[in-house]
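Asker:
There are 4 protein chains.
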Amino acid sequence: MKEQMLPAKGKLGILLPGLGAVASTMIAGVIATRKGLSKPVGSLTQTGHIELGEGKGDRFPLIKDFVPLASLEDVVFGGWDIYEDNVYEAASHAKVLDQHLLDALKPELETIRPMKAVFDRDYVRNLDGKFIKQSANKWDAAQELIRDIETFKKENKVSRVVIVWTGSTEKYLEASAVHESIAAFEAGLKNNDPAIAPSMVYAYAAVSQGIPFINGAPNLTTDIPAIVQLANKTKTPIGGKDFKTGQTLMKTIVAPGLAARSLGVTGWYSTNILGNRDGLVLDDEQNFKTKEVSKLGVLEDILRPDLHPDLYGDLYHKIRINYYPPHGDNKESWDNIDIFGWLNYQMQIKINFLCRDSILAAPLVLDLALFADLAQRAGMYGVQDWLSFYLKSPQTQEGVPAENDIFKQLNTLKEVLRNMMKEDEPEFNTVKHIRAAEQVIG
Amino acid sequence: MKEQMLPAKGKLGILLPGLGAVASTMIAGVIATRKGLSKPVGSLTQTGHIELGEGKGDRFPLIKDFVPLASLEDVVFGGWDIYEDNVYEAASHAKVLDQHLLDALKPELETIRPMKAVFDRDYVRNLDGKFIKQSANKWDAAQELIRDIETFKKENKVSRVVIVWTGSTEKYLEASAVHESIAAFEAGLKNNDPAIAPSMVYAYAAVSQGIPFINGAPNLTTDIPAIVQLANKTKTPIGGKDFKTGQTLMKTIVAPGLAARSLGVTGWYSTNILGNRDGLVLDDEQNFKTKEVSKLGVLEDILRPDLHPDLYGDLYHKIRINYYPPHGDNKESWDNIDIFGWLNYQMQIKINFLCRDSILAAPLVLDLALFADLAQRAGMYGVQDWLSFYLKSPQTQEGVPAENDIFKQLNTLKEVLRNMMKEDEPEFNTVKHIRAAEQVIG
Amino acid sequence: MKEQMLPAKGKLGILLPGLGAVASTMIAGVIATRKGLSKPVGSLTQTGHIELGEGKGDRFPLIKDFVPLASLEDVVFGGWDIYEDNVYEAASHAKVLDQHLLDALKPELETIRPMKAVFDRDYVRNLDGKFIKQSANKWDAAQELIRDIETFKKENKVSRVVIVWTGSTEKYLEASAVHESIAAFEAGLKNNDPAIAPSMVYAYAAVSQGIPFINGAPNLTTDIPAIVQLANKTKTPIGGKDFKTGQTLMKTIVAPGLAARSLGVTGWYSTNILGNRDGLVLDDEQNFKTKEVSKLGVLEDILRPDLHPDLYGDLYHKIRINYYPPHGDNKESWDNIDIFGWLNYQMQIKINFLCRDSILAAPLVLDLALFADLAQRAGMYGVQDWLSFYLKSPQTQEGVPAENDIFKQLNTLKEVLRNMMKEDEPEFNTVKHIRAAEQVIG
Amino acid sequence: MKEQMLPAKGKLGILLPGLGAVASTMIAGVIATRKGLSKPVGSLTQTGHIELGEGKGDRFPLIKDFVPLASLEDVVFGGWDIYEDNVYEAASHAKVLDQHLLDALKPELETIRPMKAVFDRDYVRNLDGKFIKQSANKWDAAQELIRDIETFKKENKVSRVVIVWTGSTEKYLEASAVHESIAAFEAGLKNNDPAIAPSMVYAYAAVSQGIPFINGAPNLTTDIPAIVQLANKTKTPIGGKDFKTGQTLMKTIVAPGLAARSLGVTGWYSTNILGNRDGLVLDDEQNFKTKEVSKLGVLEDILRPDLHPDLYGDLYHKIRINYYPPHGDNKESWDNIDIFGWLNYQMQIKINFLCRDSILAAPLVLDLALFADLAQRAGMYGVQDWLSFYLKSPQTQEGVPAENDIFKQLNTLKEVLRNMMKEDEPEFNTVKHIRAAEQVIG
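First to last, the protein sequences are chains A, B, C and D. Using numbering that gives the first Met the number 0, you'd call the opening residue of the first sequence number 0 and step up by one each time. Using numbering that gives the first Met the number 0, you'd call the opening residue of the second sequence number 0 and step up by one each time. Using numbering that gives the first Met the number 0, you'd call the opening residue of the third sequence number 0 and step up by one each time. Using numbering that gives the first Met the number 0, you'd call the opening residue of the fourth sequence number 0 and step up by one each time.
1. Alpha carbon to alpha carbon, how far is Tyr-389(C) from Asp-328(C)? Give it in angstroms, no decimals.
2. How would you label Leu-416(D), buried or exposed, when you count the other beta carbons within 10 angstroms and need 16 or more for buried?
3. When DSSP builds the beta bridges, which residues end up paired with Thr-270(D)?
4. For chain C, find out if any of its Cβ atoms is closer than 8 angstroms to the Cβ of Ile-440(D); answer yes or no.
5. Find the residues of chain D that neighbour Asn-343(C), judging by a C-beta separation of less than 9 angstroms, and give them in chain order.
6. How close, in whole Å, do the beta carbons of Met-249(D) and Cys-354(C) come, if the pair is a contact with beta carbons under 8 angstroms?
7. If we cut at 8 angstroms on Cβ distances, does Trp-164(B) have a partner in chain D?
8. Between Glu-443(B) and Gly-274(D), what straight-line distance do the alpha-carbon atoms span, to the nearest angstrom?
9. If you compare alpha carbons, which of Glu-83(A), Gln-98(A), Thr-165(A), Thr-110(A) is closest to Lys-132(A)?
10. Mind listing which residues of the region 320-341 of chain A have their C-beta closer than 8 angstroms to chain B's C-betas, in chain order?
11. Below 9 angstroms on C-beta distance, what does Lys-317(B) contact in chain D?
12. Would you say Lys-349(A) reaches chain C, if we count a Cβ-Cβ gap shorter than 8 angstroms as a contact?
13. When you compare each of Phe-130(D), His-307(D), Gly-256(D) to Asp-404(C) by their alpha carbons, which one comes out closest?
14. Using the beta-carbon count (16 or more within 10 Å), is Lys-234(D) buried or exposed?
15. Any C-beta of chain C within less than 8 angstroms: which residues of the region 242-276 of chain A qualify?
16. Is the beta carbon of Thr-289(D) less than 8 angstroms from the beta carbon of Glu-173(D)?
17. With a threshold of 16 other CB atoms inside 10 Å of the CB of Ala-448(D), please say whether the residue is buried or exposed.
18. From the DSSP secondary-structure annotation, give me the bridge partner or partners of Ala-116(D).
19. Which same chain residues end up closer than 6 angstroms to Gly-381(D) when comparing Cβ atoms and leaving out the 5 residues on each side of it in sequence?
20. Which residues in the same chain have their Cβ closer than 7 angstroms to the Cβ of Asp-282(D), if we skip the five residues on either side of it in sequence?
21. With H, G and I counted as helix, E and B as strand and the rest as coil, what does DSSP make of Gly-12(D)?
22. Would you say Pro-60(A) faces chain B, with C-beta separation under 8 angstroms as the test?
23. Have a look at Val-399(D) and Glu-154(C) and give me their C-alpha separation to the nearest angstrom.
24. Out of curiosity, what's the CA-to-CA distance linking Phe-65(B) and Asp-356(B)?
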């Protein structure tokens with residue numbers, strides 16, 4: 000694959016539908032890093048190493064030195080929003096970052112201004128922005144987005160573009176006939192089918208032009224046959240859904256550990272308090288349902304109650320999200336996990352995660368953008384399920400079950416990178432331990 | 000290796016130095032399982048599956064159906080203790096299990112009576128049992144243990160024996176000259192060298208007779224050159240140290256997750272409250288030091304501050320254990336983890352684990368005994384570092400760094416089992432995902 | 000008042016509408032105490048002391064030695080339920096108490112059998128018991144209850160009866176015209192007015208006969224003018240609403256402490272998980288609303304945002320209850336309290352209360368029954384707001400604001416007891432300190 | 000008493016031995032308040048109301064409008080320290096307050112410069128400041144402090160001075176012969192008796208000159224007969240010990256609540272993590288012991304195991320403080336409380352208090368200074384135990400037991416203020432409830 004890989008020449012445009020807390024935090028961080036004011040902590044592409052060759056420590060380069068990622072120096076930002084604030088203003092309102100830091104980045108941030116959004120309040124009842132395209136129908140809206148992208152490319156002289164959805168969670172939708180084929184979908188765009196949410200219009204616009212599109216919210220968006228078919232047709236990488244941060248991140252860390260030790264689980268109660276715009280959106284029942292479905296699935300795949308009915312057959316899983324303004328972006332989760340061990344004796348684990356929503360999400364946006372661009376240059380297209388490491392509810396290629404165990408997800412991601420660069424799987428301690436055992440056995 | 004594997008014929012004796020809370024809980028559980036009163040939850044050998052062949056779900060047998068482990072029906076128990084209580088009495092005093100369950104198992108439990116222990120209060124100041132061998136010196140003590148084992152084998156008609164140390168933590172010792180060779184060690188036994196702790200006398204007795212010995216406490220015990228050399232000479236499997244339960248179990252689950260996501264860690268404060276005999280022993284500073292050293296090491300290996308100085312270079316790790324009688328065996332840990340993400344913004348994780356010490360440890364004793372016996376029948380000997388999955392401070396073969404990441408430990412364990420049975424590594428989703436990507440790439 | 004007090008002669012019948020977890024736990028505990036199997040922990044009437052005379056320690060008798068309460072030896076139990084289970088069966092199903100204890104009390108418990116309940120599923124949607132009176136209308140239902148009480152008194156030879164509502168929370172109702180007067184209410188009973196909930200029928204039946212009635216659920220029940228007027232007319236003590244246990248108990252302990260120290264509060268998030276019948280009932284939105292209203296009020300009264308707008312003017316208070324079957328009766332609450340201090344710096348308090356619903360409620364039922372009987376013998380009638388110590392949402396006499404600070408509530412309760420017995424308020428340390436100061440000042 | 004009260008004329012000097020985190024935070028806050036940049040949250044003297052007259056709401060003035068306290072406008076600050084930093088520098092190093100706020104206050108803060116401290120590292124092993132008086136002996140040191148105070152008064156034109164000890168915890172000392180009388184103490188000063196700690200030298204210097212002295216650390220300091228006798232002789236108010244903040248504050252809020260409800264307590268485990276200079280000092284075993292003794296006492300007085308042996312007779316109370324640099328001044332406590340209720344069923348409460356040491360302590364320093372000055376003007380002298388509201392281990396007048404229940408402490412404080420101003424105790428709801436009951440009874 001190495002020979003096919005196109006180099007990261009020229010500038011990479013990262014376009015973000017939704018220039019709110021997450022997007023502005025990511026952009027501010029990249030600029031702060033470029034200026035030497037900060038480190039890109041939490042970003043695997045910028046700080047992570049990869050094991051190569053004959054074992055741990057032998058060769059362990061930074062990922063960004065191993066695969067030809069776009070450099071942070073070459074990245075340009077743009078996007079759409081339903082509020083007219085520039086990124087400096089948006090970041091200031093979001094109150095995620097210290098105002099003194101934002102002030103130091105003001106010259107760069109205030110030049111990034113949103114384009115008018117494709118938006119319909121019917122899908123996100125608790126928001127009411129006014130900076131919205133007045134298109135005749137969804138088809139026209141898609142065409143306007145395509146023109147927006149073209150304009151952005153020209154004005155910023157970028158050679159490549161990727162799009163990462165950083166907008167709000169839309170109300171719950173299920174895949175239906177209009178999503179089944181490209182033709183049906185395009186007809187639906189033209190007759191304003193209500194089953195086509197705004198995020199799908201963005202996805203269509205991007206993928207129809209061969210622009211990689213990753214979905215960071217739990218909406219269907221790219222997870223419908225029409226967009227998958229289009230991606231295969233235009234040879235475009237797509238991926239989703241829902242950035243894995245906070246509580247679900249912790250859940251997909253802890254659950255594999257319980258499973259490893261054959262400890263049973265009878266109940267898992269998860270509550271969240273959150274006071275930012277995301278919390279406000281999820282305070283609406285229909286939008287919460289989209290999120291709930293995304294969050295509920297992870298335990299089943301990891302614990303496999305089908306294989307371990309005695310351990311996980313009776314698991315009661317409950318998730319709640321509460322809008323709680325005093326915390327702003329400082330999302331906080333509390334989990335109570337009821338487990339049992341030897342002789343069915345019960346034990347409990349309580350996890351209180353005082354996290355920051357946008358701080359956790361920002362580096363994921365960056366990594367997903369850079370990896371989506373890399374995939375495209377490597378000739379990969381369709382659903383990029385090797386990026387499920389970043390996602391709460393991974394969209395997979397047909398017939399492939401989703402993997403939610405974060406450690407298996409990371410192994411997959413690294414294995415794909417090694418395959419890209421024609422590197423064999425390394426021999427770790429594992430192998431050394433096995434060898435040592437075998438030598439002895441003779 | 001398959002052809003070399005000796006079958007699990009006849010009875011297996013499991014001998015336990017220390018018939019206290021952990022040992023009696025394990026024994027009671029095995030008997031309850033045999034009687035159909037309970038399930039062996041928490042035991043990988045009894046409830047775990049192993050992935051084989053062409054991927055998840057294709058072949059996924061129970062481990063105990065895949066490798067020829069001794070059956071629970073064929074296991075016989077014995078041991079030594081400094082108190083004369085039989086196992087029914089010991090379990091009743093330990094107050095780990097419901098008295099009504101113990102009463103149902105009384106006929107079986109009360110027939111298991113300890114042999115007199117090799118013990119010296121100088122190594123465990125807070126205990127004062129009187130059921131102790133009065134040997135002329137440590138060499139004689141070892142010989143008496145060897146005779147004990149022989150007697151046990153005859154009386155119980157067992158074909159094989161393994162020993163798992165379930166005794167208390169001894170005071171802190173460092174390896175010194177007397178531990179450097181078999182000859183020096185045997186001389187030390189004869190002249191009562193204070194650097195030879197009682198647990199080493201047991202280890203010597205076992206390994207000199209080709210009996211596998213696993214150490215569940217943080218003492219040096221088998222982790223000295225003399226015992227390693229002896230194990231290689233007598234072709235005996237050995238392993239240690241310190242059952243990984245409770246707080247350290249949770250730590251080696253969570254830390255790999257933070258590392259996976261490139262999240263920085265500035266501090267990790269761990270406190271424990273515990274009211275059983277183990278807690279009492281650790282209330283003495285010298286014994287706590289042994290435990291502390293065992294517990295402190297795990298983060299370094301997992302987080303690799305050498306590779307990620309920006310993320311883990313300043314990590315402050317503090318561990319406390321407090322004797323707290325109101326909780327009895329219901330050990331409880333509270334961890335505060337100070338992490339940082341994007342732009343160095345700080346977040347916190349608090350984990351409160353309301354666990355049960357002996358409930359978590361019991362299945363580990365069983366698994367380690369069964370795997371040590373399996374290893375011996377497979378012709379494996381020396382340090383069995385593939386069992387580090389169960390251990391807080393894994394002893395490794397020379398030159399092989401310890402692995403503390405519980406997920407890598409489990410992979411190693413399963414890989415060794417597959418190798419034993421000449422099974423190739425399976426293709427998981429990972430591989431399917433890669434294949435899918437490659438097909439597309441062509 | 001001492002001379003007017005009637006002695007506690009003869010037996011006291013405690014009748015309980017709702018013989019479920021709380022009622023059966025209370026009954027079992029009283030019988031276990033009578034048999035010397037247990038102590039009545041959590042009951043102020045049985046274990047509490049009262050300060051008298053010239054200061055702390057001078058005179059400090061047990062409350063039950065100070066006021067002429069009915070003795071536990073003289074108490075007889077009965078009640079109504081929508082399930083036909085006797086109290087032994089009900090307690091066994093509730094899984095609150097150890098089955099071995101229940102078996103020891105079986106002879107006494109199984110003789111206590113419910114009478115058929117007045118019930119209408121329209122008020123409690125998630126329950127579906129069948130042991131229900133088929134009355135022509137609510138008036139007839141009340142008459143049947145009156146006959147039930149008469150029968151109970153005769154059969155059990157009791158001299159006095161009190162009723163404590165231990166039934167479920169009913170759906171949310173607001174006081175309306177039919178509740179405004181005795182006449183309107185009696186007309187409503189006859190024409191089956193939907194604003195008259197079953198608990199009101201019980202209250203009417205009791206109060207019309209001069210039988211004290213205390214309401215342990217958040218329903219209106221006695222908190223309507225009709226019942227208050229009737230209580231004054233028949234000279235009957237009444238009280239309510241909603242036993243103060245668990246989270247609200249903790250809240251009315253902690254909030255006065257924050258107020259004492261002039262610490263500001265910006266947010267208070269309270270969540271509960273609960274798996275018993277109470278949790279099931281509250282899983283219905285209409286029933287939860289009744290509970291929510293009861294729980295929300297307590298902070299306002301304690302913190303007085305009207306007087307301290309800078310400290311409490313922006314307090315965001317959110318309460319959630321989640322049905323969570325794995326925990327059964329082991330209710331658990333988690334509170335996050337956002338406070339601020341000097342220079343508005345923010346701090347947080349997290350309280351995790353692993354409580355037991357019925358264990359906390361049971362002694363309150365007993366105390367309220369005994370105090371209601373005492374009040375009646377002391378000639379007190381109407382709303383007994385001095386019992387607000389036990390209640391989440393105290394019903395008060397007209398024009399008297401509710402007091403929710405548990406420490407002020409306790410002071411009131413003790414002061415009323417002292418007044419009953421013509422004892423002056425004692426001089427405590429407080430007074431000693433003041434005296435000491437004054438002496439010095441001369 | 001009203002007529003005797005001297006008015007708050009002229010300036011009040013507040014002198015602080017120890018110009019570290021707590022002192023500088025207090026000073027910065029007072030100046031910020033004067034400038035209108037902040038509110039004095041957490042200060043009872045500045046934000047608290049007092050109930051007067053015929054009941055709640057009738058008259059409820061601010062305390063500072065009710066008693067003639069010194070105004071914040073009239074307060075002048077000074078002090079001593081072992082480091083030469085001015086208060087701006089000290090506050091900057093302490094990292095308690097936002098640097099931007101400190102910069103806004105820099106002109107005022109940097110003019111406050113410490114005087115050289117009386118210090119001996121033998122009493123505080125983990126500190127090593129060099130800005131120390133080189134006195135011939137402790138008597139001379141006291142004389143130098145007296146001259147310092149005189150100089151401060153002249154230079155700042157203050158009419159009155161009070162001293163509040165904001166220095167470190169000294170090593171554990173018990174009262175001995177040298178502390179028994181003024182004469183013995185003065186002899187000890189002259190011959191450098193090691194039982195006289197530096198804080199006692201300050202106390203002696205102050206009290207000998209009639210300057211009120213309050214001790215905010217757990218050292219003996221004023222809690223010895225010599226200083227008490229001297230205070231009575233010079234008619235000077237004194238008080239101590241140990242500011243009640245954080246964990247002990249919470250403990251004296253929650254314990255009265257458990258006692259109110261007759262809930263038993265079997266164990267109370269309290270751990271603290273703290274990374275400021277206070278944490279460093281307490282990392283030394285001898286200094287921790289002083290603190291431990293101060294913290295351990297509070298439960299006994301509140302729960303009264305002598306009166307309730309069944310409930311509190313077996314209480315196991317354990318307190319730990321751990322130096323944990325990652326948290327700096329953000330002290331954090333975690334408490335596990337094991338309680339039991341009806342039928343001895345066990346429950347647990349976990350309290351995690353993420354507090355800020357200096358933020359909680361600063362307003363206490365201010366209040367104690369203002370109240371000590373008020374007491375002096377009211378003619379009160381000797382031990383001011385009515386100020387125990389602020390203190391972890393209240394020093395009391397001879398023969399008066401300490402009161403630790405924060406609600407009783409607050410009642411006492413307010414009662415003393417009312418007595419000062421010749422106001423009768425008000426009639427609260429309590430009384431209204433009683434009246435209402437009595438009216439009915441007739």
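Using N, Cα and C, we set each Cβ at its ideal position, and we do this for glycine too. These numbers come from a predicted model, not from an experiment.
Answerer: So, from the listed chains and residues:
1. Between Asp-328(C) and Tyr-389(C), the C-alpha separation is close to 20 angstroms.
2. Per the 10 Å Cβ criterion, buried.
3. Note: Thr-270(D) sits in a beta bridge opposite Arg-319(D), Trp-333(D).
4. Caution is warranted here: a pLDDT of 46 is assigned to Ile-440(D), below 50, making its placement in the model unreliable, and no coordinate value can be reported.
5. Going along chain D in sequence order, the residues near Asn-343(C) (Cβ under 9 angstroms) are Ser-37, Lys-38, Val-40.
6. No, Met-249(D) and Cys-354(C) are not in contact; Cβ-Cβ is about 18 angstroms, not under 8 angstroms.
7. Not closer than 8 angstroms to any Cβ of chain D, the Cβ of Trp-164(B) fails to qualify, so no.
8. No answer is possible for residue 443(B): the residues shown for chain B start at 0 and end at 441.
9. The residue with the shortest Cα to Cα distance from Lys-132(A) is Glu-83(A).
10. The region 320-341 of chain A vs chain B, Cβ under 8 angstroms: Phe-339, Gly-340, Trp-341.
11. Listed along chain D are Ile-272, Asn-321, Tyr-322, Tyr-323, each with a C-beta nearer than 9 angstroms to that of Lys-317(B).
12. Yes, Lys-349(A) counts as interfacial toward chain C.
13. Of the candidates Phe-130(D), His-307(D), Gly-256(D), the one whose C-alpha sits nearest the C-alpha of Asp-404(C) is Gly-256(D).
14. Lys-234(D) comes out exposed.
15. For the region 242-276 of chain A, which is checked against every Cβ of chain C, the residues closer than 8 angstroms are Thr-265, Gly-266, Tyr-268, Thr-270, Ile-272.
16. Against a cut-off of 8 angstroms, the Cβ pair of Glu-173(D) and Thr-289(D) comes out as no contact.
17. This structure cannot speak to residue 448(D), because chain D is shown only from 0 to 441.
18. DSSP lists Ile-131(D) as partners of Ala-116(D).
19. Excluding its 5 nearest sequence neighbours in each direction, Gly-381(D) has C-beta neighbours in its own chain below 6 angstroms: Ala-230, Asn-231, listed in chain order.
20. Once the five neighbours on either side are set aside, the close Cβ partners of Asp-282(D) are Asn-125, Tyr-322.
21. Here Gly-12(D) sits in strand by DSSP.
22. Not closer than 8 angstroms to any Cβ of chain B, the Cβ of Pro-60(A) fails to qualify, so no.
23. Looking at the two C-alpha atoms, the distance is approximately 56 angstroms.
24. When the Cα atoms are used, Phe-65(B) and Asp-356(B) turn out to be separated by approximately 30 angstroms.
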